[in-house]
Structures are given as structure tokens and as C-alpha cells.
RNA sequence: GCCUCCAUAGCUCAGUUGGUUAGAGCGGCGGACUGUUAAUCCGUAGGUCCAAGGUUCAAGUCCUUGUGGAGGCGCCA
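Here it is, written out as C-alpha cells:
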């Protein structure tokens, strides 16, 4: 077991003058004297200084990018300029060699597409090290936020027997032999012979189960993987992604929006305070990347300023109806610059419209509420006008919809009517309807796309670069 | 699922109206140097130009199909 102190702690310099032991992977080896060592605890490398007269040439040749080594020596003030402290090595041990003719990572810039092909090694780069430390911090901050507010963390099932979650195409789960599927007398698949004796799928949302929890614990959240078998080929979609789904009882749509806004600000602020080095690196990376782009496609704010702006400003809240008004009067709509020109109330908003509202009109995160009921899910509470539902979507610059939520319909009769209208099989959903039979109460919740949050905070353009091993159509490598 | 673009050395790319033996930087390898910061300097090796088929006297370059990748749209988180 490795009880060594991390490079992150060593770089604070509090152990100056002490003899320490440190393990890590070589990033670069310069001048036969200076090893840049990284152990993943921080973006920064620790400089190891060795006296090459103490070692055989054949040994020094084995110190290459990627080599795993252990070092003992005194932590001293650095004589060089790039770092405050360094280790004067007294003992150097090689754990695992890394053949420089074959090791794919070089001390240079690699394209994200190339690194995606070697996703098993990309953690060792500065960029992906920073991304996944930020991802870890966001994940921790989410649990911390809810824990401080007396939420119960609830584990909803990954395999679901409910096919009415209504959030998209599902992956089937079965132990039947696909080459030899048993049929019943009617010539249909005989699910009685399947593992669960019925059709099952991977979950597309834990919301319905979270509602069950909220009606007992008052405040719950789920945070786990979800699956969509949609043939989506974009930089914002994955077949397997992580979703945060809080559900709160005795709460309406306004409480729901407050909760979502508080959560987003809290976790972004946590990263600003705890991942400064990672964010500074990612900001520089973005600035370099944007130098390749034409002026009008560059972002208006550097990454850290953008995050501070989101934390420091109230999200713009408006209804769908108000948004349609703004869009109808907007220049791109009048001049027919939109691919889909808005004609009248009731139209579904395309991403170009959402982008206009967020990036051009308000220039800050926007919460849209009260959508037409026809374009939203059956479980959303119908407003008094009987035309709109208490839905809310939070739109972020660059990535669009990051949160989708609603107040839930708690009235039994109205809910059953909506299920019938939208062809949701009410007879199979009695467990869900029971909530409205026994002690029904106002409640609300939302789903936060975790990878989209990581995208926003790291500034990464492609969602496949913010999850360790992305799953998308045609790809389940690693 | 739809639209657009791309595929040349380990990586990032250049390659003229189709014309002799396909280039550079980085990385690798050999050497020098030794307080360097993606070290520097000298030397050197490295290619099935994504695949198959076609047009042509001649194809990295043009055409067709396939495969892989990127961006955009739809579905959404």
C-alpha cells in the first residue's frame, strides 16, 4: 500500500527540509538531470533532480515519458525558476518501463480525436488530468450540496421493468439466446422464459422512482448512470451518461427552479475554489484553441470569468410565451435567418432559438417555464389555463439544455386523463398512481445532465471528452 | 436518421492545372552538452498516400462504393 504523500501536498512546501518518498509517472526527463514527475493528484509536476554520475547510462535511458518510478530524497527550495520546491534524489527506483518507441504520448500537443482513440492512456495528459479532477470535484460537490440540505441519496434501479419512463429509446436487457428466441403460441417472444419473466430495459431516468422516495423522505436525489438507445450523433449526447435527479415534496415549480439554480452555483463555486490550477490550465487550452477560430466564433469571456459570471448573476427566468414573443420580434426571425422561422405560439423551440435567447439576447443562463402541454411529458402539472404545464428548462451558453424539470401532476384525475391522452398505459403504472391515491402532495424535481455540466465547467466542446469511456452509436471501446 | 467536410511518416500537417525518386516540424534512434522548464546543438532512420474498384500514356491528386473521423441538424440531459 502506498502511504506516500501526494505531489499536491508536497508542492505546498510545508515539508521543506524533510526526507520524503514519492511515486509517479515521468512526464519529461531533461538534461539527464531533471525529471518532471506527476502522480495525478495535481496538474503540476514535481521536479526531481538527480546526479547523473550516480547512475549507469543504461539506467538513465530507461527514464522516459510514461515510466513509473519511486523517488526518495530531500525536499528543497528549487534553484531553478519554474517551481518553488524540488526533490534532491538520493534513491531512484524504476517500477515499470515505458518504451519510447511505442509509447503514444509525447511531450507535445495531441489532438483530442487522437487521444480519444487511446482513452485508456489519455488520463496521463494535462488536459484530461484536469478534466477528470474537475469531474471528480463536481461529483463530490453535488453530494455535499444535497447532504447539507438533508436530502436522502436514493439508488434507483438500473434495470427497469417499466417501459413508460417516456424519455427515449431503451436498451433491452435479456438472457434469452438471440440466435434462438423462444416464441409463445401467438408467435411472439415468450418473455416467460426470460430472466425476469417479462421484458426489461436499462433505465432512461430514475425520476418516477425518485418521486416514490420523495413522497416518504420529502427530499431525495439520485445520481447514477442512465441509458438512451437514441441514434444521436452530436457533441452533446451519449448513450450512457450520468444524471442527477432531485425530487422534492411540498414544493412547486419556483422551489424547483431555486433548487436547480442554487445547486449549479454551489458546485461551480466549489470547483472555482478547489480546482484553481486545473481551471487555469483549461482556460489557457481554450484560448490557444480559439486562436484558430474566426473572431466571431470566439467566446466573449475567458473560462474562469465565465464561471464567476454564472455564479454571481441571477438566471433569467421567463415563460415560454414570453420567449416566443421575444423570438417573434427578433431580427433573425424577421429576416428569416433562422432555419426554422417561428410562426406562432405552440412551436417547439429549436436549438438555434434557445441559443439566440441565451447567447445573444440575455447573455446569461436562462430558465424557460410553462411550455405548451402538447410538447411535454404526461406527468407535468397542468396550469389553470389548461394549455401549458409547469415545466422548466435551464439553458446554458454553448451547450443548451443542461436541466429539464417540472412540478409533477399530483391530482389523480388530471393525471389519469393526461396518461390516456398521451397513450401511457395507466394499468401498468398503478404503483405510480398510488402516490396520488394516498397522501398526495405538491412535488417537483429535475434532471441535470452531469456530463453537460462537466462540459460547461471545463469548456470542452465534445461530451465524449468529459466521460472516461464514452458510449455512442457504433462505439463501446474499452 | 439527415446534411457538410476530412483521411499522406508514431503525432500535427504541406504536397501546384493529374507528370520523374512524396516533404516539413515534433517524436524515435546515435552523439555532444549538463540548473533544465515541451531544454539546446549535430547527425540519422522512418511511407501499402484509409480500403476496393474505375478513368487515364500517367493518380497522393479525378470518379464510384465502402470504412473510419469531425462539425451541424433532429431526439434530449
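Residue numbers (the numbering used here): 2 to 479.
We treat Cβ as the ideally placed atom computed from N, Cα and C, and that holds for glycine.
(request) In angstroms with no decimal places, state the Cα-to-Cα distance between residue 447 and residue 187. (result) 41 Å
(message) So, with DSSP's three-state summary, where would you put residue 330?
(response) coil
(message) Among 381, 389 and 358, whose alpha-carbon lies nearest the alpha-carbon of residue 416?
(response) 381
(request) Count the other C-beta atoms from every protein chain shown that fall within 10 angstroms of the C-beta of residue 361, then say buried if there are 16 or more, exposed otherwise. (result) exposed
(request) Compute the Euclidean distance between the alpha carbons of residue 97 and residue 163, then round it to the nearest angstrom. (result) 49 Å
(request) With DSSP as the reference, please indicate the residues paired to residue 154 in a beta bridge. (result) 222
(message) Taking the alpha carbon of residue 397 as the reference point, which residue from 26, 237 and 413 has its own alpha carbon closest?
(response) 237
(request) Return the bridge partner residues of residue 94 from the DSSP annotation. (result) 71
(message) Taking a contact to mean a Cβ-Cβ separation below 9 Å, would you say residue 70 touches residue 24 in this structure?
(response) yes
(message) Between the alpha carbons of residue 431 and residue 250, how many angstroms are there, rounded?
(response) 20 Å
(request) Give the DSSP bridge partners of residue 394, in chain order. (result) 369 and 405
(request) Would you grab the beta carbon distance between residue 283 and residue 309 for me? Rounded to a whole angstrom, and I think it's under 8 Å. (result) Between residue 309 and residue 283 the Cβ distance is about 14 Å, and since that is not below 8 Å, they are no contact.
(request) Along the beta strand (DSSP E) that carries residue 23, what are the first and last residues, could you check? (result) 20 to 31
(request) Would you mind working out which of 72, 286 and 20 sits nearest residue 49, comparing C-alpha positions? (result) 72
(request) Just mark residue 185 as buried or exposed, buried being the case when its beta carbon has 16 or more other beta carbons within 10 Å. (result) exposed
(request) Using alpha carbons as the reference points, say which of 226, 244, 348 and 379 lies closest to residue 411. (result) 379
(message) Can you check which of these residues, 144, 124, 179 and 211, is closest to residue 158 by C-alpha distance?
(response) 211
(request) Leaving aside the five residues before and after residue 291 along the sequence, list all residues of the same chain whose C-beta is less than 6 Å from its C-beta, in chain order. (result) 299
(request) Decide if the stretch 168 to 182 is in contact with the stretch 137 to 145; the criterion is three or more beta carbon pairs, one per stretch, under 8 Å apart. (result) no
(request) Please confirm whether any heavy atom of the ligand PLP lies closer than 8 Å to the CB of residue 101. (result) Ligands are entirely absent from the displayed structure, and the ligand PLP is therefore not among its contents.
(request) Check whether the Cβ atoms of residue 403 and residue 369 lie closer than 9 Å to each other. (result) no
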